[in-house]
Structures are given as C-alpha cells and as structure tokens.
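Numbering (my numbering), first residue to last: 29 to 656.
The C-beta atom is built at its ideal place from N, Cα and C for all residues, glycine as well.
None of the values given here were measured: they were computed from a predicted structure.
Scroll down for the structure; my scribbles are underneath it.
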C-alpha cells in the first residue's frame with residue numbers, strides 16, 4: 029500500500045523547498061542527479077543537508093561560536109568536494125540566491141551533499157577555479173586564500189572585531205567572519221565618520237586606520253561642540269604621524285539619543301546597547317569618546333561588561349557620582365576598569381551649588397534670602413546624582429521635582445511654581461532645554477523674578493542669542509547663575525580656541541560646556557592606544573585602561589596638542605612608559621582605581637557687560653572658581 033509519492037520524488041520536493049523560489053529548471057536538474065547519479069548514501073546526505081538548511085537560522089545574535097562551529101563543519105565538507113560542469117546550473121542558482129555569506133555556505137553544504145564529488149567549491153559559482161587571494165577574500169571574507177588546489181580556504185572566524193584586529197591588523201566581525209570594509213550599523217545610529225571617506229577605506233593591513241568610536245547626542249545643542257573638539261583632536265593626531273607605525277585614527281560617530289535627544293526609558297537603553305554591540309562587538313574599537321550623559325554611560329558600561337566586550341569609554345561630560353561605583357571591570361582580576369572621564373564628578377558640583385552659589389547670587393550681601401529651592405531635574409543618573417549632591421549640602425529647604433527625558437517643560441514649571449520656592453534650580457542637558465524652561469518660567473508670575481541656577485549641562489552659546497524674547501533675556505542676564513568644570517585659561521587653551529574656531533567656522537569653545545574635555549578625551553584615548561599597541565595588534569580596551577593609568581604625575585610632563593604628540597609617543601614607548609599630561613581642560617591626574625580626574629568648578633553668569641567680554645558681548649563671565 030502506497031503511503032505517498034515515490035521516494036525520489038519526495039527527495040526532489042525537499043530540495044525544492046530548501047531552494048525556496050528557485051526555478052523549476054534547477055529543481056529538475058537536482059532531481060536528475062538524485063534519481064540517476066546518487067546512491068542511497070548521497071540521498072541520505074541530501075536529506076541531512078536540507079534539514080540543516082531549513083532548521084539552522086542564518087543570523088544568531090549573541091551566538092558567534094555557534095556560527096563558527098557551523099562554518100568549520102561546512103568548510104571541512106566543502107573543501108573535500110569537487111566541481112563538475114554537469115551541475116553548473118544548480119550551483120549558480122543556489123549560490124545566486126544566497127543573500128549573505130552564511131547563506132552561501134549553507135548553499136554549498138546543501139548542493140555539495142546533493143551532487144557529491146561533482147559539487148560547488150567555496151570560491152566558485154561557475155566552473156573556473158580561484159586564481160587570486162583577493163577573489164577569495166572578496167567572496168568569503170578576510171583570511172580566505174586561494175590554495176594550490178584551486179579552492180578558497182575558510183575565512184577568519186571571529187567573535188568580535190577585536191579578533192580581526194589581532195589577526196589582520198583591523199577589520200570588522202560580521203556574522204562570525206572578518207571583513208575588510210566598514211559594515212553599516214543595522215540600527216542607523218552610526219552614520220557619521222571622520223574622515224568621511226572611512227566607509228570606503230580598507231580596514232585591514234599595516235596601513236589601515238585604527239577605528240575608534242564616539243557616542244554623542246546630535247539632537248542636543250550640548251553635544252556638537254564636544255564632538256567637534258574630539259574630531260579636532262583626531263585630526264591633530266593624524267596630521268603629525270598618527271598613533272603607531274604611521275597608522276591614522278578613524279572616528280565612527282553614533283547617536284545615542286535619537287531625534288531631538290528624545291529617546292528615554294527602554295527605547296534609549298535598547299539604542300545604547302545596540303550601539304555598544306556595533307562599536308565594541310562588530311567593529312571592536314579599543315576606545316569610545318563618550319557617552320556624554322551619565323545615564324547613557326551607565327547603560328553603555330553595563331552592556332560592555334555583560335557581553336565581555338573589551339572596549340574602554342572615555343567620557344568628557346558624564347559627571348554623576350553614581351559612575352564612581354558602577355561596576356566596569358570585565359573580571360575581578362583585571363586591574364583597571366573600562367570607564368574613565370575627563371570631567372569631575374557632580375559630587376563636587378552639587379556642593380558648590382549648595383554652598384557657594386545659592387544664597388550668594390544674585391545678592392551676596394543677603395545669603396539667607398534663598399531659604400527654599402525647588403530643584404527640577406531630568407530623571408536619569410545625571411539629574412538624580414546632581415540633585416542628591418545638592419540636597420546633601422544645602423542647609424535650607426529643598427523640593428525635588430523630576431521629569432522624564434525629553435518631557436515638555438511647561439507642566440514642570442507649573443509644579444515648580446506650586447512649590448513656592450525662593451529660587452529655582454534646573455538640571456537637564458542642553459541650552460535648548462534651559463531656554464524652554466526659562467520661556468515657561470517667564471510666563472509664571474510666581475517665578476518670573478526668582479533667581480535661576482543652572483548646572484554644567486545647560487551652559488551653551490544658545491543662551492546668548494540676541495533674538496530671544498525680552499522677558500527671557502531678562503531672566504538670563506539678571507537672574508541666572510551656573511556652575512561647570514572650570515573653563516581653562518592660558519596659552520594652551522588659546523591655541524586650542526584659535527584652532528577650533530578656524531576648523532569649525534568661528535564658534536567659540538569657551539561658550540559651551542566640556543569642549544576642552546572633549547578634546548582631552550579623544551587625545552588621551554589615543555595616547556593610551558600608543559601605549560597599548562606596544563604589545564602587538566591584539567590590543568583592546570583593557571590595554572587602553574592600562575595606558576590611561578600611566579598618564580599620571582611622576583612621568584615626564586607634556587601638554588596635549590599636536591606640537592608635543594611626537595614627544596608623548598616617545599615617552600609611552602620607551603623608558604618607564606608613562607607621562608604626566610596637562611589637558612586643555614587642565615591637569616588630568618587620574619585616580620586609576622576610579623578612572624576620574626578631579627577639577628575645579630567655575631561659577632558663571634551670562635552677561636552683556638563689554639568689559640567682561642573682551643569688548644564682544646554677550647558672553648559668560650567667570651564669577652569665581654572653587655578648587656577641590
């Protein structure tokens with residue numbers, strides 16, 4: 029009694045299903061091979077191959093070792109298979125329908141099993157054998173070579189881009205295999221590059237650029253000056269010999285905040301995790317400039333630790349005290365953490381706001397006038413950390429009002445007014461957010477005449493816009509005071525300032541927070557890379573962290589900037605291999621156990637006084653500097 033179609037027809041149907049929408053001609057060709065040329069053993073191999081092709085997913089996020097195992101098994105089989113013109117059409121159809129490399133390898137396994145000694149090789153979809161290593165690499169990936177037998181060898185397998193750099197001096201890890209060109213970020217968050225030719229540049233070889241990352245917030249006016257400063261550092265270094273053996277740096281810039289820096293909650297966390305996976309996993313960058321905010325930094329560092337990605341983070345502006353305690357070591361026996369910052373902790377800024385700003389400004393002769401402060405702060409590590417630091421140090425009454433990232437601020441102002449404070453503190457990221465708050469404050473009779481205290485994240489040139497409404501400008505110039513890591517002064521900053529203005533269209537870096545820290549973060553990461561690269565191409569973020577720990581007092585003194593880059597490289601590659609660096613932002617005396625460098629806090633005020641602005645008002649004038 030028959031239970032279905034003949035066995036040969038069932039085999040043919042299975043093959044057809046595995047081939048998807050392959051032409052009937054190709055399925056017929058396979059059928060002829062099955063029925064006329066193969067014995068029982070090869071039919072069983074065919075069914076096994078079909079099962080593998082159907083059941084094994086092409087992409088397995090988080091399981092690179094499984095992909096590697098499949099690759100090894102596939103390579104072992106396919107390199108033993110021959111090639112014959114009688115099945116050329118089958119090979120061509122199957123291989124042409126393989127959209128990715130892993131698809132193609134499955135196709136080789138499938139057709140190889142079907143046609144036995146007359147199968148597809150790794151390197152061919154036609155009858156010609158390979159002729160060059162480049163042809164093999166272009167088809168299958170970095171490390172694939174044309175062997176004397178005429179077939180391509182297996183490409184280099186990888187877990188992360190760090191593996192590709194160790195084997196080939198660079199490259200990216202895509203679907204478990206190394207490739208020589210920059211892959212696109214699947215989330216679309218990383219689309220800016222410096223130089224902008226980076227996507228078309230070969231990433232492997234002795235003269236390939238070393239990729240580093242930046243995690244920034246293009247949707248906030250707080251971010252662009254910091255990124256530009258980091259880009260300036262990268263360009264300065266590349267112009268005077270690069271990092272090691274003449275290799276230059278290539279900067280991959282990623283947006284962690286989304287449109288208008290509005291992403292929050294789970295969406296923001298997912299975005300940052302995806303960016304870390306791309307930079308630290310796919311590209312294997314040794315270090316990242318950023319993230320810029322404390323909440324983003326916590327998300328990024330925790331992701332790197334969870335996935336064991338050895339990429340260091342050097343933030344110019346993540347200031348939350350919580351980051352001091354955030355776990356950032358890949359294991360207990362690793363001497364240094366992955367997170368470092370060139371800006372001081374908000375523990376000090378909160379103290380300065382509480383003890384030296386509120387009650388002293390705008391009426392220094394009446395410090396008891398501000399007895400009740402309402403603190404409106406963004407609901408993340410930065411806002412919460414600064415609010416907590418202020419609360420611990422302020423002797424008067426404090427009302428805390430938190431709001432979601434990107435939330436409309438008019439309702440927040442309503443809540444602040446209802447508290448009836450003597451003064452208002454606002455904590456968010458970006459001058460644009462501060463302006464939105466001030467505009468709502470100007471329309472609230474209970475608050476319009478109250479002093480306003482801003483933190484570092486709000487200091488931005490946008491506050492000085494002469495086109496702002498008159499009531500908004502009144503609050504800004506008569507009632508607003510703020511704190512920030514002290515803006516540097518002196519010849520080193522003057523050179524940076526002139527170079528920055530020349531490179532980026534005249535914008536003054538002194539009018540935005542953390543621009544100097546942005547330059548220092550990129551520069552110090554590169555210096556640590558020079559140190560780490562002495563161990564060979566396999567260096568990663570653990571080596572970067574060790575290199576940063578060498579930039580401490582006790583070594584030869586050197587200033588950042590391109591004029592002393594050559595000397596700095598010499599100090600880090602010979603003798604005691606350390607240096608005492610002074611940054612644009614000031615002395616950078618890292619505590620290697622925490623990755624932090626303390627800095628003085630400046631008290632600032634927007635002003636129209638010509639004498640305070642070197643004859644070019646408006647500007648931010650320095651009222652005082654508090655040194656820790």
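Quick check on residue i: does DSSP put it in helix, strand or coil?
i	result
residue 643	coil
residue 631	strand
residue 158	coil
residue 243	strand
residue 341	strand
residue 333	helix
residue 369	strand
residue 219	coil
residue 453	strand
residue 465	helix
residue 324	helix
residue 230	coil
residue 503	helix
residue 192	helix
residue 275	strand
residue 398	coil
residue 179	coil
residue 304	helix
residue 498	helix
residue 346	coil
residue 509	strand
How would you label residue i, buried or exposed, when you count the other beta carbons within 10 angstroms and need 16 or more for buried?
i	result
residue 448	exposed
residue 642	exposed
residue 216	exposed
residue 321	buried
residue 436	exposed
residue 314	buried
residue 630	buried
residue 519	exposed
residue 653	exposed
residue 305	buried
residue 375	buried
residue 287	exposed
residue 212	exposed
residue 275	buried
residue 657	This structure cannot speak to residue 657, because the chain is shown only from 29 to 656.
residue 194	buried
residue 166	exposed
residue 487	buried
residue 272	buried
Am I right that residue i and residue j are in contact with their C-beta atoms under 8 Å? What's the rounded C-beta distance?
i	j	result
residue 344	residue 254	6 Å
residue 516	residue 384	With 8 Å as the limit, residue 516 and residue 384 do not qualify as a contact, their Cβ atoms being about 20 Å apart.
residue 634	residue 504	5 Å
residue 192	residue 174	Wrong, their Cβ atoms sit about 20 Å apart, outside the cutoff.
residue 402	residue 457	Not really, about 19 Å apart at Cβ, beyond 8 Å.
residue 548	residue 581	Incorrect: roughly 16 Å between the Cβ atoms, too far for contact.
residue 198	residue 236	4 Å
residue 351	residue 336	About 20 Å separates the two Cβ atoms, so there is no contact after all.
Compute the distance between the beta-carbons of residue i and residue j, then report whether it is under 8 Å.
i	j	result
residue 452	residue 475	yes
residue 317	residue 553	yes
residue 570	residue 338	yes
residue 279	residue 285	no
residue 367	residue 406	no
residue 347	residue 319	no
residue 157	residue 179	yes
residue 325	residue 544	no
residue 627	residue 513	yes
residue 378	residue 328	no
residue 558	residue 597	yes
residue 259	residue 624	no
residue 202	residue 243	no
residue 245	residue 282	no
residue 491	residue 467	no
residue 657	residue 386	What the structure shows of the chain is the stretch from 29 to 656, and residue 657 is not part of that stretch, so it cannot be assessed.
residue 239	residue 262	no
residue 190	residue 171	no
residue 446	residue 425	no
residue 555	residue 600	yes
residue 248	residue 536	no
Say the cut is 7 Å; is the CB of residue i nearer than that to a heavy atom of the ligand MG?
i	result
residue 609	This structure does not include the ligand MG; it has no bound ligands of any sort.
Subject >> Runs of alpha helix (DSSP H) wholly within the stretch 514-595 (minimum 4 residues, chain order) >> reply: 519-531, 543-560 and 569-576
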